[in-house]
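J.: So the sequence shown is numbered by numbering that gives the first Met the number 0: it starts at 0 and just counts up by one.
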Amino acid sequence: MTSIDDTPAGPALSSLRRARDRFLGGRPPGDGVPEDLAQAWRRARFFGVPRDLAAPPRVRPPVDPPLLAAARPALDRVAPTLSGGMRLVLVDSRCRALWSGGSRYAGTSADVAGLDLSEKAVGHNSAALALRTGRRAEVHGPEHFLDLWQEVSAVSVPLYEPAAGRPAGAVTVVAPLAEDPTAHPGAAIAEATAHAVETELLGRARPPERLLLDAYLRQRADGAAVVALDGSSRLVSPEAARLLSHETLTRLERRATALVRDADTGPEGARAATPEETSGPEGARTGTPEENTGPEGPRSAAPEESAGPEGAHTATPEAIAAPEEFAVPEEFAVPDGAGLTVRMSRLTHGGEVIGAVATVCPAARRARAAERHDHDRLPGLVGTSRPWRLAVSGAMELARSAEPLLLIGEGGVGKTALARALLTLRGSAAPRVVDAAEQVPGEVPRWCHALAEREGGGPPLLLRHAERLGQSDVAALLSLLERRPAVPLVATHTPGAPTGPCLSRLLDILSARSVALPPLRERVEDIPALLTAFTGHPSPGRPPLTWSLDARRALEQHTWPGNVAELAHVVREVAERRRATGPVRREELPYGLRVPPATRRLSGMERAERTAILEALRRHGDNKARAAESLGIGRATLYRKLRAYGMDQA
């Protein structure tokens, strides 16, 4: 359940009604309509929801849903107290109505079981919005898409099970529309009902789940970066989410799964936890990073979200035996180059391991500071995001010894720039640079021969595009590595191209000391710094290039198949073409960057068609007539496809 915040008053009802009428008439709704509401209306139109729907469609309701069984006592207590035309509705995670009670209101029947209240079925409504955002939501009168609900207001509060990261359902209170809906009159009732339902859900939770949750909350109370795992789910504190990468969390989960499955839980070295240790804050909701995903991307449970309703039922020591924790937890370094140390304690109950609690040691923060310090020593590199810093830190660790190093990543991620910086850091002679993609014959064999003759060493080799090496080059390198495994070689590799057996063998040897660089789409927080670096000093007579917030958002939404190299090309193109002053606006970006990502999942054919349209528009300077002609379609067809793919707003 979310904390209570008053929903701010929106535009006056009369102006909203006029805006809705304009929108349904095919015109823009106007500037006074919040953008998220306009987007909700557009989604309803995209889903084909008829505005004059007589009643919500029905789907097959679930049989004996556990959510309804847990919520029924609270609902039966609250419904008879409702007055003033208010009605109580319970929906599940798929926005299917499970139960309703209280007064009657327009647009519903007494039997609501199985009504589909999802956005795809009925358009914008509070239940669908609460499930999507994970927060309390209010929708008043003309904000609804359906004519059916123009005279009602609804407030919905999501329901979270104790160990669930996404809502399991929602409680909705519907009331007649008031002329000044600054706040829904049933908001407090919805919050209290959701509180009671979550309390019942907590009381029905299995003891192992509750004990794991208590152990997690106990460690969180000390401000530690903690992860609790049972092999099927994981609870991650915000501090741990910032310190540990997704790969590290996956490794911890695999280790916890092995403990649950295989660990010996004999009595030696075990101790019984005190009742004080087993009790934590009453009620909580947390979840995995994958589960905590909303429209703005992944989220971790905030501290205020971890605390549940007061008075939630917790088991007494007599009802549930206290868990047993091993006195000596195992401590190990995170094996992904993060430089962090993790202590993992096994949690047992009834003689069986039910999970593990992993805590990041305090030295982790010093390790992160050391990463930043090492990163700052490398010239020519830009970026402070965690994926980039981890990759650079791992590469620096391997580069301390003069042995082969392989940098792996998509095209344009910055492999060559990092390789040059690492070689500069080594303080060795200027490297010999060979680009296998340019097919210069004999360069690699000559370097191998010279290095083999000079036992004292020679200049290092920076080998670009190792996947394009010829047969003679591969043979020369394999021969040299057999005689001298520690050769001063830094190679870059872009996966994807087919490799023969000899090249595969070479890459296998080099991969023993390799680092994978993240693509730009995984380090979008570095885009502002990269923009500053690529802009540089303006040419004479031109103002400095700055970027509006809207343009930066458009850049951050792009998938960047060409990565950092593509971003550098875009900056140069914008700088050369623009004549305006002030920050760069979204409208000045190439068409493919102005267009937001697709609003729905596209098939392979649709993705190819969308890409072809974007490329044609880019090639013809956003001239739609010429783009349509080059594609062999009419302008009307092009405009229709732009609307279908959500590209008509660019």
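Glycine included, C-beta positions come from ideal geometry on N, C-alpha and C.
Only a predicted model underlies this, so the values are computations on that prediction, with no experimental measurement involved.
Looking only at its own chain, which residues have a Cβ that is under 6 Å from the Cβ of Pro545, when we skip the five neighbours before and after it?
T.: For the sequence presented, residue 545 should be read as Thr rather than Pro. Correct list, in chain order: Pro582.
J.: Starting from the Cα of Gly469, find the closest Cα among Ala39, Leu505, Ala357, Gly25 and give me that residue.
T.: Leu505
J.: Can you have a look at Ser510 and say buried or exposed, based on whether 16 or more other CB atoms are within 10 angstroms of its CB?
T.: exposed
J.: How would you call Trp387, buried or exposed, if buried means at least 16 neighbouring beta carbons within 10 angstroms?
T.: buried
J.: By how many angstroms is the C-alpha of Arg385 removed from the C-alpha of Leu588?
T.: 28 Å
J.: Please identify the residue among Leu242, Thr256, Leu421 whose C-alpha is closest to the C-alpha of Thr340.
T.: Leu242
J.: Excluding five sequence neighbours on each side, which residues of the same chain lie with their C-beta closer than 6 Å to the C-beta of Ser629?
T.: Ala615
J.: Under 8 Å, do Gly83 and Ala174 count as touching if we go by C-beta distance?
T.: yes
J.: Any chance the segment 75-92 sits against the segment 188-207, with 3 or more Cβ pairs inside 8 Å?
T.: Verdict: yes, contact present.
J.: Buried or exposed, going by whether 16 or more other CB atoms sit within 10 Å of the CB of Ala68?
T.: exposed
J.: State buried or exposed for Glu323, treating a residue as buried only when at least 16 other CB atoms are found within 10 Å of its CB.
T.: Because Glu323 carries a pLDDT of 38, less than 50, the predicted location of this residue cannot be relied on, and no value is offered for it.
J.: On the three-pair Cβ rule with 8 Å, is the segment 416-430 touching the segment 566-574?
T.: no
J.: Could you pull out every residue in the same chain whose Cβ sits closer than 8 Å to the Cβ of Arg467, ignoring the five residues on either side in sequence?
T.: Ala435, Ala436, Gln438, Ala496
J.: Here's the rule I'm using: 16 or more other beta-carbon atoms within 10 Å means buried, otherwise exposed. How should Glu197 be labelled?
T.: buried
J.: Could you pull the DSSP bridge partners for Met343 from this structure?
T.: Glu329, Ala357
J.: From Leu529 to Ala169, what does the alpha carbon distance come to, in whole angstroms?
T.: One C-alpha to the other measures close to 43 Å.
J.: So, is Ala11 buried or exposed, given that buried needs 16 or more other C-beta atoms within 10 angstroms?
T.: exposed
J.: Find the nearest neighbour of Asp213 within the set Pro237, Ala126, Leu377, Gly354, judged by alpha-carbon distance.
T.: Gly354
J.: Are there 16 or more other CB atoms within 10 angstroms of the CB of Ser236, so buried, or fewer, so exposed?
T.: buried
J.: Mapping the DSSP letters down to three states, classify Arg585 as helix, strand or coil.
T.: Looking at Arg585 - three-state DSSP - the assignment turns out to be helix.
J.: Can you tell me which of Pro444, Asp507, Ala429, Glu142 puts its alpha carbon nearest to the alpha carbon of Leu650?
T.: The requested residue 650 does not occur in the structure, where the chain is confined to residues 0 to 649.
J.: To the nearest angstrom, how far is the alpha carbon of Thr534 from that of Ala579?
T.: 16 Å
J.: Which term fits Thr347, buried or exposed, when burial requires 16 or more other beta carbons within 10 angstroms of its beta carbon?
T.: buried
J.: Under the rule that 16 or more other beta-carbon atoms within 10 Å means buried, what is Val62, buried or exposed?
T.: Label assigned to Val62: exposed.
J.: Is Leu248 near Val226, with beta carbons less than 8 Å apart?
T.: yes
J.: Suppose you measure from the CA of Leu460 to the CA of Pro484; what does that come to, to the nearest Å?
T.: Just so you know, the alpha carbons of Leu460 and Pro484 end up roughly 14 Å apart.
J.: Assess contact between the segment 48-57 and the segment 138-146, defined as three or more Cβ pairs (one per stretch) separated by less than 8 Å. Is contact present?
T.: yes
J.: From this set, Arg209, Gln218, Met343, which residue's C-alpha is nearest Arg654's C-alpha?
T.: With the chain represented from 0 up to 649, any question about residue 654 goes unanswered, as that position is not in the structure.
J.: Can you tell me which residues form a DSSP beta bridge with Arg95?
T.: Its beta-bridge partners are Asp115.
J.: Taking buried to mean at least 16 other C-beta atoms within 10 Å of its own C-beta, is Glu452 buried or exposed?
T.: exposed
J.: Of the choices Thr491, Ala429, Val570, Ser547, whose alpha-carbon is the least far from that of Ala532?
T.: Val570
J.: Decide if Ala607 is buried, meaning its Cβ has at least 16 other Cβ atoms within 10 Å, or exposed.
T.: exposed
J.: Between the segment 516-530 and the segment 408-419, can you find at least three pairs of beta-carbon atoms closer than 8 Å?
T.: Contact between the segment 408-419 and the segment 516-530 is present, because at least three Cβ pairs lie under 8 Å.
J.: Quick one, which of Val121, Ala153, Pro27 has its alpha-carbon nearest Arg95's?
T.: The residue among Val121, Ala153, Pro27 with its C-alpha nearest the C-alpha of Arg95 is Val121.
J.: Between the Cα of Val433 and those of Ala416, Ala465, Pro56, Glu208, spot the shortest distance and give me the residue it belongs to.
T.: Ala465
J.: Return helix, strand or coil for Leu243, following the three-state DSSP convention.
T.: Three-state result, Leu243: coil.
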